[in-house]
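Structure first, then comments.
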Amino acid sequence: MSTHQLLNFNNISIIDEADRTLLDDVSGSIYGGDRIVLMGASGSGKSLLLSALASQIPLTQGQICLAYANQMTDITSIPPPHLRQQIALLMQTPVMVDGTVRDNLMLPFGFGHHKAKQFDERRHIAWLARFGKSADFIHQDITKLSGGERQIVHFLRTLQLEPTLLLLDEPTAALDTVSAGVLMSLVHEWLDEHRAYIWISHRTDEVVTLGNHRWQMMAGRLECVPSVSLERVWR
Numbered sequence: 161m162s163t164h165q166l167l168n169f170n171n172i173s174i175i176d177e178a179d180r181t182l183l184d185d186v187s188g189s190i191y192g193g194d195r196i197v198l199m200g201a202s203g204s205g206k207s208l209l210l211s212a213l214a215s216q217i218p219l220t221q222g223q224i225c226l227a228y229a230n231q232m233t234d235i236t237s238i239p240p241p242h243l244r245q246q247i248a249l250l251m252q253t254p255v256m257v258d259g260t261v262r263d264n265l266m267l268p269f270g271f272g273h274h275k276a277k278q279f280d281e282r283r284h285i286a287w288l289a290r291f292g293k294s295a296d297f298i299h300q301d302i303t304k305l306s307g308g309e310r311q312i313v314h315f316l317r318t319l320q321l322e323p324t325l326l327l328l329d330e331p332t333a334a335l336d337t338v339s340a341g342v343l344m345s346l347v348h349e350w351l352d353e354h355r356a357y358i359w360i361s362h363r364t365d366e367v368v369t370l371g372n373h374r375w376q377m378m379a380g381r382l383e384c385v386p387s388v389s390l391e392r393v394w395r
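Going left to right, the sequence shown walks through residues 161 to 395 as our numbering numbers them.
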C-alpha cells in the first residue's frame with residue numbers, strides 16, 4: 161500500500177431533522193492506490209457516505225481532510241473549485257442536459273474550475289469504441305439513449321477530468337456484462353499510486369475483482385474488513 165494519504169475522515173456523523181442518525185461516528189483513511197469496495201444493505205448509509213466525502217452534504221459532527229497544498233486540509237477550507245478537481249462523485253442517476261452526447265461530455269468545461277482543461281473528442285471516440293459505439297454515437301440526442309448508455313456517458317464525463325479520488329455509486333448497475341468489464345478496465349487504467357477509488361457494490365463476486373480493501377456499512381456505521389485475499393490480479 162502507498163504511504164501517500166489522500167483523504168481521512170474522523171468521527172463523522174449526520175443526523176437529520178427528524179433526529180435520525182444516518183451516519184454514526186464513522187472514521188477511515190484512503191491512500192494512493194487504494195481500491196476500496198463499499199458494501200452493505202440498502203439504506204445502510206453507503207451513498208450518503210460518498211456524498212459526505214464529496215462535500216455534498218454537511219456533517220453534524222466530525223471532520224474530513226484532503227491532501228491539499230502539501231498538507232491534510234479540512235475540506236470545508238478548500239475552495240470548492242479546487243475540491244471538485246480532486247474528488248469526483250459518480251452518482252447512480254446521471255444528470256444530463258438537453259442536446260447531444262458531445263454536449264453532455266463537454267458540460268464540465270463550462271465551469272470555472274475546469275475551463276483550463278481541453279475537451280478531447282478523439283479520446284472519447286476511442287473510449288466509446290471500447291463500449292462498442294461508433295464515432296457517430298457522440299452526436300446522438302441524449303434523450304434517445306438507454307439507461308446504460310447514459311451511465312456510460314456520465315462515467316466518461318467524469319473520468320476525463322482526471323480526479324485524484326473517484327467515488328463510484330454502483331456504476332455498473334445499468335450495464336451489461338461486457339460494458340461493465342470495459343468500465344472496470346478504464347478505471348484500472350486511470351488508477352495509479354497517487355489515485356484511489358471507492359466503489360459501492362452489492363455483488364460479493366465484485367469484491368475480489370475490484371478491491372484490495374473492503375468496507376462494510378451497517379446501520380450508518382462503518383467496518384473496515386481485513387483485506388487479506390482481496391488483492392486483484394488485473395487482466
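Even glycine gets a Cβ: it sits at the ideal position worked out from N, Cα and C. The structure displayed is predicted, hence computed values, not measured ones.
Residues in its own chain within less than 8 angstroms of Asp258 by CB, not counting five upstream and five downstream?
On the sequence shown, residue 258 is found 98 positions in, with the first residue counted as 1. Scanning its chain for C-beta atoms nearer than 8 angstroms, with the 5 sequence neighbours on each side dropped, one finds around Asp258 the residues Ile302 and Thr303, in chain order.
Would you tell me roughly how many angstroms separate the C-alpha atoms of Ser215 and Ala227, rounded to the nearest one?
Indexing the sequence shown from 1 puts residue 215 at position 55. Indexing the sequence shown from 1 puts residue 227 at position 67. The alpha-carbon atoms of Ser215 and Ala227 are separated by roughly 14 angstroms.
Does the distance from the CB of Trp359 to the CB of Leu382 come in under 8 angstroms?
Here the question's residue 359 lines up with position 199 in the sequence shown. Here the question's residue 382 lines up with position 222 in the sequence shown. Cβ distance not < 8 angstroms, so Trp359 and Leu382 don't count as in contact.
For Glu330, does the count of other Cβ atoms within 10 angstroms reach 16, so buried, or fall short, so exposed?
Position 170 of the sequence shown, counted from the start, is the residue given in the question as residue 330. Flag for Glu330 reads buried.
State the CB to CB distance for the pair Ser173 and Thr220, rounded to an integer number of angstroms; the pair is presumed to be in contact (CB under 8 angstroms).
The sequence position of residue 173 within the sequence shown is 13, counting from 1. The sequence position of residue 220 within the sequence shown is 60, counting from 1. Ser173 to Thr220, Cβ: 5 angstroms. Contact.
Determine, using beta carbons only, whether Ser339 comes closer than 8 angstroms to chain D.
Reference to chain D is not applicable here, since this structure consists of a single protein chain.
Hey, could you find the ends of the beta strand (DSSP E) Val385 is sitting in?
As a working note, residue 385 is residue 225 in the sequence shown. Segment Arg381 to Val385, the beta strand (DSSP E) holding Val385.
Based on DSSP bridge pairs, tell me the residues matched to Leu325.
Along the sequence shown, one-based indexing puts residue 325 at 165. DSSP, once it has assigned bridges, lists Ile247 and Ala356 as partnering Leu325.
With 16 other CB atoms within 10 Å as the buried threshold, where does Arg195 fall?
Working through the sequence shown from its first residue, we reach residue 195 at position 35. Per the 10 Å Cβ criterion, buried.
Could you give the DSSP three-state label for Ala286: helix, strand or coil?
Stepping through the sequence shown from its first residue, residue 286 is reached at position 126. Residue state, collapsed to three classes: helix.
Residue of Leu305, Trp375 and Met251 minimising C-alpha distance to Arg262:
The residue given as residue 262 occupies position 102 in the sequence shown. For the residues Leu305, Trp375 and Met251, the minimum Cα distance to Arg262 belongs to Leu305.
Which listed residue (Leu346, Pro323 and Gln376) has its alpha carbon closest to that of Arg355
The residue you call residue 355 lines up with position 195 of the sequence shown. With distances taken between Cα atoms, Arg355 lies closest to Pro323.
Residue from Gln320, Glu309 and Leu166 with nearest C-alpha to Met266
Along the sequence shown, one-based indexing puts residue 266 at 106. Ranking Gln320, Glu309 and Leu166 by Cα distance to Met266 puts Gln320 first.
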